[in-house]
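Numbering (this note's numbering), first residue to last: 1 to 620.
Here it is as structure tokens:
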């Protein structure tokens with residue numbers, strides 16, 4: 001179990017979800033055919049012939065050499081070194097890089113390394129999903145995994161959550177400035193001062209070293225815990241104005257220090273404070289899963305380094321960043337020498353302002369004019385701004401490349417002090433502003449603003465439609481898709497997530513099995529997409545009936561401001577929501593609101609449609 005899942009919790013029962021029996025019969029053994037075709041073999045040059053059994057642990061033998069013992073003969077080529085381990089086994093390592101290659105050979109090797117790095121990140125994600133306990137991580141896949149280079153820059157990621165991925169490097173560098181990591185260290189945080197997105201998103205970081213204690217890079221993941229404390233179940237209170245009200249605040253804390261576990265300290269953090277978690281065991285199980293993910297990534301990165309050599313691994317890490325920067329430079333050529341501006345408003349009137357000036361040497365991104373610190377929870381930070389910007393810049397690249405910080409190599413960001421994108425988080429959680437909607441809603445609206453400025457596409461639904469319910473025993477969280485904006489040459493997709501979110505919605509069977517709720521409707525909201533030559537996608541209608549008393553929370557946008565159309569296309573419909581009580585009474589529900597629900601009460605969510613592109617033939 002531990003080998004497969006990476007951890008074992010003796011406090012939680014193992015649930016058997018399925019049993020598979022495979023029966024097979026043995027094939028009769030056949031004598032292998034012999035070959036009479038023999039030819040002489042020779043190794044050119046001169047080298048050592050070494051008795052393997054006489055070598056002490058720690059001995060290093062440089063090639064070319066032949067190492068012999070009664071059971072095996074190992075040939076060690078030039079530029080390779082054999083290291084004798086404590087168990088007398090040999091580890092072969094390349095000690096000199098391969099001769100430099102240019103042109104297509106270098107490009108092929110870069111592509112191979114990009115896929116190797118990407119495979120490690122994907123395997124980290126598979127491990128996290130397989131070993132997680134909560135529905136939100138295991139079923140909805142609300143997590144992200146990535147590799148960082150030795151400078152803490154995002155190198156490659158698995159295809160997970162964009163609002164997580166673009167911020168992981170920012171978060172890692174903020175941690176490393178104060179907490180240099182050693183072998184066996186694992187750090188945990190969710191604090192926005194250190195690049196955390198919002199409190200339910202717990203980030204875990206570890207450094208990866210060679211056996212000689214040389215830094216290879218970093219492995220990192222971020223996973224959304226559907227319950228981490230706070231004033232309301234689900235840890236996304238719509239009326240929060242201070243960070244402390246949103247849940248347990250974790251400044252960078254060692255989960256492991258030099259290989260020694262610090263679980264007692266983490267338990268203490270989760271269970272003490274003004275608003276402790278309501279789901280401690282679920283939190284700990286999911287943290288174990290995140291830890292197993294880091295271990296899997298670390299081992300695979302070490303294995304790649306043993307196979308290829310540290311110098312080659314670092315070389316191609318750097319080349320991958322440079323290649324991405326070069327691709328963006330090519331994509332920006334049509335925009336060079338021009339300035340692009342746009343303003344978008346949140347439903348309560350707060351402004352998001354952006355000005356992009358594209359020069360030959362730099363891209364200046366200025367947010368002057370953006371509204372001040374939000375009195376509620378619609379505050380973001382540099383890491384969220386970074387995520388939205390790196391996502392949009394990636395759209396400009398003419399070829400497929402990993403999302404990494406090569407995209408930000410020539411970018412200069414100007415953020416006004418104490419605007420809703422850049423509040424002061426230096427104080428205590430009791431004085432810091434709330435942020436939970438900044439991660440989910442402001443990130444989406446920020447992408448809308450960038451796309452509007454660059455005229456890349458009409459507005460998508462521009463919200464994650466965060467729906468939460470729970471009580472003192474559990475918290476459930478989901479985000480609901482909607483309509484995508486149309487573009488020049490394509491219709492918007494209907495009923496999908498866009499931009500900053502990329503999660504699944506919980507399967508109906510799992511939802512109804514695990515929670516006191518019945519799914520009554522889940523369908524497209526026909527006609528909600530904006531008309532145009534290219535039509536915006538339709539939103540979604542979702543109806544839930546509750547079977548037990550719960551507290552319901554909705555956190556959304558585009559309930560008053562409509563998703564804009566582009567180039568003469570019409571806007572999509574704004575979202576709406578309401579309650580039908582068990583006695584048939586209808587009650588309106590705000591876009592950022594909460595309500596107590598009793599058995600038989602239902603909630604209806606109608607998500608926004610996407611904007612259209614270009615005037616349609618029947619438009620006046």
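Yeah, the Cβ is synthetic: ideal placement off N, Cα and C, and Gly gets one too.
query	result
Any idea what DSSP makes of residue 116, helix, strand or coil?	helix
Take residue 424 and list the residues in its own chain whose beta-carbon comes closer than 7 Å to its own, dropping the five residues that flank it on each side.	418
The beta strand (DSSP E) spanning residue 528 covers which residue range?	Segment: none, residue 528 is in no beta strand (DSSP E) and carries neither H nor E.
Going by other Cβ atoms of all chains shown within 10 Å of its Cβ, with 16 needed for buried, is residue 473 buried or exposed?	exposed
Between which two residues does the beta strand (DSSP E) containing residue 466 stretch?	466 to 470
Which residue wins for smallest C-alpha separation from residue 69, given the options 379, 52 and 420?	52
Assuming residue 494 is part of the alpha helix (DSSP H), what are its boundary residues?	Counting along the chain, residue 494 falls outside any alpha helix (DSSP H), and DSSP gives it neither H nor E.
In the DSSP output, which residue or residues are listed as bridge partners for residue 206?	186 and 219
According to DSSP, is residue 138 helix, strand or coil?	helix
Does DSSP classify residue 224 as helix, strand or coil?	strand
Can you grab the Cα-Cα spacing for the pair residue 318 / residue 107, in whole Å?	13 Å
Report yes if the C-beta distance between residue 436 and residue 199 is below 8 Å; otherwise report no.	yes
By a C-beta neighbour count over all protein chains shown, 10 Å radius and 16 as the cutoff for buried, is residue 211 buried or exposed?	exposed
Could you check which residue in 292, 226 and 449 has the C-alpha nearest to that of residue 354?	449
Give me the Cα-Cα distance between residue 222 and residue 285, rounded to the nearest whole angstrom.	15 Å
Straight-line CA distance for residue 471 to residue 276?	14 Å
Just how far apart, CA to CA, sit residue 74 and residue 218?	33 Å
Contact between the region 568 to 577 and the region 502 to 517 is defined here as three or more beta-carbon pairs at a separation below 8 Å; is this criterion met?	no
Give, in chain order, every unbroken run of the beta strand (DSSP E) that is at least 3 residues long and sits entirely within the region 540 to 589.	550 to 555, 576 to 580 and 586 to 588
Is the distance from the Cβ of residue 170 to the Cβ of residue 386 below 8 Å?	yes
Which runs of the alpha helix (DSSP H) fall wholly inside the region 297 to 347 and span at least 4 residues, in chain order?	310 to 331
Quick one: Cα of residue 162 to Cα of residue 92, how far?	39 Å
State yes or no: is the C-beta of residue 323 nearer than 7 Å to some heavy atom of the ligand HEM?	In the structure on display, the ligand HEM does not appear, and there are no ligands present to speak of.
Less than 8 Å between the C-beta atoms of residue 459 and residue 610, yes or no?	yes
Taking only the alpha-carbon atoms, compute the straight-line gap between residue 78 and residue 48 and give it to the nearest angstrom.	11 Å
May I have a chain-ordered list of the alpha helix (DSSP H) segments no shorter than 4 residues that lie completely inside the region 237 to 275?	263 to 271
Going by CA-CA distance only, name the one from 482, 523, 264 and 465 that's closest to residue 553.	465
Could you tell me which whole beta strand (DSSP E) segments of length 3 or greater appear in the region 392 to 430?	411 to 414
Are the region 451 to 458 and the region 403 to 413 touching, with three or more C-beta to C-beta distances below 8 Å?	no
Taking the CB atoms as reference points, tell me whether residue 197 and residue 384 lie closer together than 8 Å.	yes
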